[in-house]
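Protein chains in written order, with this note's numbering: chain G, 1 to 321; chain D, 1 to 321. Even for Gly, the Cβ is constructed at its ideal location relative to N, Cα and C. Okay, structure first, notes after.
Listed below in structure tokens is the structure:
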């Protein structure tokens, strides 16, 4: 028990753990207390990452800390929420000071980058896993949900797709690549950048939004169901990174963009009238299709041929091994 | 992936998962949305329970569901918060429909009893563990913390102590007892009743509070440090259940009351002026000692002899095996 109590010091000492700015009471009591600004609602998301399932049993703890928080913060971006705070439930087989220090550094670096402050959690003994719960504020009625897409809207994404899935062979040491490719793809896998600024800019503009964690096709399917619309994707419009295309070739890169997971960029539907304004603000907005009446998701090529893949969706890390 | 998606249906179908009363958006989007009443703060607590560490690898999933939520809700009681909602992160080695149904029934029953609604979570594959995060509301400035105890206050508890630890030999099948004793102690272990009404009644009256999870001595130590006071406990005043005394004998029952964990009753400090009012309201308040100037925690017998145990604090479930 004692050594697990001590672990809290690694996190409690972080600058991000202090009270202030919406955090009325931080780590150390039975509960933390958040002061939500008047007129705002609180957005909440919980994600668990299990060793051997969501990340390799042996990996750099600094990178793991970064990635774990980024994945959760991406859900705040998808709602258009302003980041506020998070809790960490950390289960560890044993106490390893070097591991904990590196993990806490990675976590704290991402926390500072996202303006998220650690307000509490739990530390227990058991097989390695992490559960993070993130909190953000959004003006009442302005949260971006999945259910408002309208026929005629544009279907957009916030950045290059497929890099998360494209990095997996490198993460798993199944393939090697040139240093520049390795560096670019591994950075996308281990340090995804939650699109918090973009999400907040979409308030009152986007009619639906989510972050791509299961792959563009599967996640667009969620919008299609929730909004009762059909989403039509233009294959040639998919934004692809140079690293992914060079590593995989164009065809496989497009497959990764459509069906790979772990991208953590936003997908959203947008009335065309807002496009110029968002781009003028310097935001990354790629139009990849449009919303139509109907159901489901389809992919077309530039000739108008239906090229929707037969299989879709995300492979768990474990399933890809 | 598919079958783990389906698991959500066990929980999403629960009556407690619908929107309304502070829950602006429930299960199914990137985030849930809570509407915190104006003037209130949001109390948040996270607890992880790991199979083989916090509960037996093989146990009744209905009871596990009940206990898991009760343990977390007890932290809301300790802050004087009004329950609002919770998230569940469930990690399972495989999908077992019978297990899930029973677990969901136990969880939902406790959720209804506590007026907590499931608003989201995550379901992943891995070694069995649960992380629950609970949310409650409390008027700004009225949360019960650990840091306000004043010399002269009474030290009180909300009910009988030691039953949680007393139940462990039964939970672990290390001992047997008469049916009436077994029933009483196992009920305290598997279905602790979070003292939510008491906690809310203590707002503006108690100067400090927490729920007893690590044992009275260890938890009073937390108040002593946070409030910079000394807590003096009268051994003969410890409330003990008939089942515990009969099972353990008086001396061991007192040891369990002082040093056992898992009681989940409130311990709090109270200016004497409020005692009659709380009791008149029908609340369970047992005076077990007083707050003095100084540091630390001490136990005295009726003759004024210092009988503070040498060892104190909680045994993990695993450590007791």
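- Out of G:150, G:228, G:40, G:258, the CA that lies nearest to the CA of residue 239 of chain G is found in G:258.
- Straight across, the Cα-Cα distance linking residue 229 of chain G with residue 82 of chain G is about 28 angstroms.
- Between residue 101 of chain G and residue 66 of chain G, the C-beta gap is not smaller than 8 angstroms, which leaves the two residues out of contact.
- The residue among D:77, D:32, D:23 with its C-alpha nearest the C-alpha of residue 201 of chain D is D:77.
- Using a Cβ-Cβ cut-off of 9 angstroms, residue 196 of chain G is close to nothing in chain D; its nearest Cβ partner there is about 13 angstroms away.
- DSSP assignment within the region 174-228 of chain G yields the following whole alpha helix (DSSP H) runs of 4 residues or more, N-terminal first: 179-190, 196-201, 216-227.
- Chain D has a Cβ within less than 8 angstroms of the Cβ of residue 120 of chain G.
- Interface with chain D (8 angstroms Cβ-Cβ cutoff): residue 112 of chain G is excluded.
- Non-local C-beta neighbours of residue 264 of chain D in its own chain, meaning closer than 6 angstroms and more than five positions away in sequence, comprise 74, 192, 211, ordered along the chain.
- Assignment of residue 66 of chain G by DSSP, reduced to helix, strand and coil, places it in the helix class.
- Partner residues in the beta bridge of residue 41 of chain D, as assigned by DSSP, are D:138.
- Chain G places a beta carbon closer than 8 angstroms to that of residue 78 of chain D, counting this residue as a contact.
- Here the region 54-68 of chain G does not lie against the region 171-187 of chain D, with fewer than 3 beta-carbon pairs under 8 angstroms apart.
- In the DSSP annotation of this structure, the continuous segment of the alpha helix (DSSP H) that includes residue 259 of chain D starts and ends at 250-259.
- A check of alpha carbon separations from residue 144 of chain G across G:266, G:134, G:283, G:291 identifies G:266 as the nearest.
- Counting only the Cα atoms, residue 155 of chain D lies some 41 angstroms from residue 127 of chain D.
- Taking 9 angstroms as the Cβ-Cβ cut-off, the region 57-77 of chain D approaches chain G at 74, 75, 76, 77, given in chain order.
- Ranking G:255, G:222, G:115, G:247 by CA distance to the CA of residue 195 of chain G puts G:115 first.
- Taking CB atoms only, residue 47 of chain D has a neighbour in chain G less than 8 angstroms away.
- Among the residues of the region 30-46 of chain D, those with a Cβ less than 7 angstroms away from any Cβ of chain G are 30, 31, 32, 33, 34, 35, 36, 38, 41, 42, 43, 44, 45, 46, in the order of the chain.
- With a threshold of 8 angstroms between beta carbons, residue 91 of chain G makes contact with chain D.
- Contact annotation: residue 208 of chain D and residue 146 of chain D have beta-carbon atoms nearer than 8 angstroms.
- Chain-order list of chain D residues neighbouring residue 211 of chain G: 30, by C-beta distance under 9 angstroms.
- In terms of Cα proximity to residue 47 of chain G, the closest of D:140, D:29, D:217 is D:29.
- Contact between the region 249-258 of chain D and the region 118-136 of chain D is absent: fewer than 3 CB-CB pairs across the two stretches fall below 8 angstroms.
- Annotated three-state conformation of residue 58 of chain G is coil, per DSSP.
- Between residue 180 of chain D and residue 91 of chain G, the gap from beta carbon to beta carbon reaches 8 angstroms or more.
- Beta-bridge pairing by DSSP links residue 306 of chain G to G:300.
- Among the CB atoms of chain G, one or more fall inside 8 angstroms of the CB of residue 50 of chain D.
- Scanning D:131, D:140, D:234 for the CA closest to the CA of residue 22 of chain G turns up D:140.
- With respect to chain G, the C-beta atom of residue 227 of chain D has no partner C-beta closer than 8 angstroms.
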